[in-house]
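In this note's numbering, the protein residues as written are 10 to 133. Inspection log for the structure reproduced underneath, given as structure tokens.
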């Protein structure tokens, strides 16, 4: 009945069965609370189904989260590949030429902070 159940699942079951959960409750205490509640004594099948549903819900939520994280990683890889295509030639002092590939906004050349400082140094 409690196979693959985590503490968070048991807490949700106890709360659903109108029990009170304390922060110091252990998994064993939570199991005892579930087994001593009147709902368990009258309809153990319902409680077992409730536990199974909470476990399934948690597992599917974790799978969705994992899928979402993988999609974010894939998107970042695609964006990096797009940027790598735009870099044409590396120059000294951390500069590089870029090439526009699509209709998106972006610069045609890059500069460093030192380039912007040169104009101040020349006038002095």
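Glycine is no exception: its CB is placed at the ideal position from the N, C-alpha and C atoms.
Legend entry - Classification of residue 19 by the beta-carbon crowding that lies within 10 angstroms, buried from 16 upward: Numbered from 1 along the chain shown, position 10 holds the residue referred to as residue 19. Residue 19 should be labelled buried.
Inset, instruction - Return the first residue and the last residue of the alpha helix (DSSP H) that residue 45 is part of. - result: Taking the chain shown and counting its residues from 1, one reaches residue 45 at position 36. Note, residue 45: alpha helix (DSSP H), 36-45.
Inset, instruction - Have a look at residue 91 and residue 79 and give me their C-alpha separation to the nearest angstrom. - result: In the chain shown, counting from the first residue as 1, residue 91 sits at position 82. In the chain shown, counting from the first residue as 1, residue 79 sits at position 70. Taking the straight line joining both Cα atoms gives about 18 Å.
Legend entry - Separation of residue 50 from residue 70, as counted between CA atoms: The residue given as residue 70 occupies position 61 in the chain shown. The residue given as residue 50 occupies position 41 in the chain shown. Each residue's Cα considered, the two are about 30 Å apart.
Legend entry - Host alpha helix (DSSP H) of residue 12 (start-end): Your numbering for residue 12 matches position 3 in the chain shown. Counting along the chain, residue 12 falls outside any alpha helix (DSSP H), and DSSP gives it neither H nor E.
Inset, instruction - Measure the beta-carbon distance from residue 26 to residue 43 and round it to whole angstroms, keeping in mind my assumption that it falls under 8 Å. - result: In the chain shown, residue 26 corresponds to position 17, counting from 1. In the chain shown, residue 43 corresponds to position 34, counting from 1. Right, the Cβ-Cβ distance comes to about 7 Å (below 8 Å), so this counts as a contact.
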